[in-house]
Amino acid sequence: MNILVTDNVVKRFEGQLALDNVSIEVPRGKIFGLLGPNGAGKTTLLRIVNQITAPDSGHVFFDGHPLAADDVFRIGYLPEERGLYKKMKIGDQAMYLAKLKGMSHAQAMTSLKSWFVRFGIQAWWNKKITELSKGMAQKVQFVTTVMHDPALLILDEPFSGFDPINVDLIRNEIIRMKEKGTSVILSTHNMESVEEMCDQIALIDNARLVVAGKIHDIRRIHGDNHIEILYKASAPLELQSLKKAPFSIISQGQKDGSYQMVITPNAGIDTNEILEALIPHISIVGITEIIPRMHDIFIKLVTNKEER
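Printed below as a string of C-alpha cells:
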C-alpha cells in the first residue's frame, strides 16, 4: 500500500503552470527520491502535501484517504529554506514546535532528550540559534522535524550545510527510520545520495512528471548499456577483424596492464554472444557491465526531450 498518492495535481501561480497533472505514488516504508532541476515544481508539490498551499485541481491521498488537516501531525517536513527562530532558546523552541505537532509536554521531553543525546547536542538546550554554526543549526532543525516520529518524513535538501561526517550521521538516521517503517520523500540534487538511499524515484521537469519507478528499472530503460572488456592481444582489437561485430566500440585504451575496450551491444545481443564473437581473436581477462549513474540519466532525461 502507498503512504502518499497524488492524482493529476495541477497548480498555477499567476497563470504560470507550476505543476501540470502530476501523479506519483510513494510506497510505504521506502525512501522515495523526488528529483528535478531548479524550478521544476518539486517544492510546490511538497508544499501541497504539507497543506501550505492547495492544488488548483487533482487530488492528494494520505495513508489511503483524502489528505486531511489532521494528517499534518503524522508528517515531518524539513524545507530547503530552514525556519528556526534565531533569538529563541533551542529547548524552548523545540518544545513549542512539539506542541504544534500535537505532542504532550511529557512526550516532547522524552523524545527530545533521546534525540539530543543521539546527536550529542545536550549542551545546546539553552543556546540560541545565533550561537550555532549553520551545520549545528541544521541538526536542531532535523531533530524538530522527526521528534514526533512521523509516518511520512519529507526532506528537501537535508544534507545542505553539513560536513561529510554529519552527512553520514543524517543519512544513517534516515535509513534507520526507514528500517523502523517510516516512509521518506527525499528531494535532493545529490545523485550519490539518491543511488545509495532511494528505492524509487520520480523526476519532474517543467512542471511535468518525466519518469517514475524503481531505480533499477529506470537504469535499465534509460541508461546507456555499456560493457567494459579487459583483454590481452598483440594489438588493440579492430572491428574489421570481426565478420559481424555484435557491438560498437565506444572507447579503447589500457588498464591494469591489459587492453581496455568499452562497448555497446547491438539491440537484442547478450553477453554470451559478445564472448563468442571475441574469444577467437583476443584473450579476455575480464568483462564488467558498467551500471549507468543516476546523475547521467538525470542529465540525459532533462536535456534530451526525445528520451522521454
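Here this note's numbering is used: the first residue of the sequence shown is 790, the next is one more, and so on. Every residue gets a Cβ at the ideal spot worked out from N, C-alpha and C, and that includes glycine.
Item to check | Through-space distance from P1025 to C987, alpha-carbon basis | outcome: Rounded to whole angstroms, C987 and P1025 show a C-alpha spacing of 40 Å.
Item to check | Reference L834, options L793, L921, H854, closest by Cα | outcome: L793
Next on the checklist: I'd like the list of long-range same chain contacts for D952, defined as Cβ closer than 8 Å, with 5 residues on each side in sequence excluded.
Outcome noted: G924
Next on the checklist: Determine whether the beta carbon atoms of G891 and N915 lie at a separation below 8 Å.
Outcome noted: Not a contact, by the Cβ cut-off of 8 Å.
Checklist entry - If you drop the 5 nearest sequence neighbours on each side, which residues of the same chain put their C-beta closer than 7 Å to that of F908? => result K928, V932
Item to check | Residue burial classification, F1087 (beta-carbon count within 10 angstroms, cutoff 16) | outcome: Classification of F1087: buried, given that the 10 Å Cβ count is 16 or more.
Checklist entry - Fully enclosed by the segment 976-1023, which beta strand (DSSP E) runs are 3 residues long or longer? => result 989-994, 997-1003, 1015-1021
Next on the checklist: Just to confirm, is the Cβ distance from I1068 to M1050 under 8 Å?
Outcome noted: no
Checklist entry - Quick one: complete beta strand (DSSP E) runs, 3+ long, within the segment 816-878? => result 820-824, 846-851, 864-867
Item to check | Inter-residue Cα distance where the pair is I1080 and L1090 | outcome: 17 Å
Checklist entry - The alpha helix (DSSP H) spanning M966 covers which residue range? => result 953-968
Checklist entry - Taking the alpha-carbon positions, what's the I837 to I1052 distance? => result 45 Å
Checklist entry - What number of angstroms, rounded off, separates the C-alpha of I910 from the C-alpha of K967? => result 23 Å
Item to check | Rounded Cβ spacing between N839 and I864 (contact assumed at less than 8 Å) | outcome: 6 Å
Checklist entry - Just reading off the beta strand (DSSP E) that I1052 is part of, what are its end residues? => result 1047-1054
Next on the checklist: Restricting to Cα atoms, I'd like to know which of E1065, H1070, P1035, G1046 is closest to P1054.
Outcome noted: P1035
Next on the checklist: Could you pull the DSSP bridge partners for D796 from this structure?
Outcome noted: H848
Item to check | Close beta carbons around I964, own chain, < 7 Å, minus the five adjacent residues each side | outcome: Cβ within range, chain order: M986.
Checklist entry - I1068 by DSSP, collapsed to three states: which one? => result coil
Checklist entry - By Cβ distance below 7 Å, which residues in the same chain neighbour H848 in space, the five residues on each side in sequence not counted? => result D796, P855
Next on the checklist: Are the CB atoms of P844 and D945 within a distance shorter than 8 Å?
Outcome noted: no
Item to check | First and last residue of the uninterrupted alpha helix (DSSP H) at Q896 | outcome: 894-907
Item to check | Beta-carbon contacts of L1028 that lie in its chain and below 7 Å, excluding the five residues immediately before and after | outcome: A1034, I1038
Checklist entry - Tell me, which residues are paired with D945 by DSSP? => result Beta-bridge pairing links D945 to S976.
Checklist entry - A996 and L824: beta carbons closer than 8 Å? => result no
Checklist entry - With distances taken between CB atoms, is the gap from L975 to G822 smaller than 8 Å? => result yes
Checklist entry - How is the beta strand (DSSP E) around I1038 delimited, first residue to last? => result Its beta strand (DSSP E) spans residues 1036-1044.
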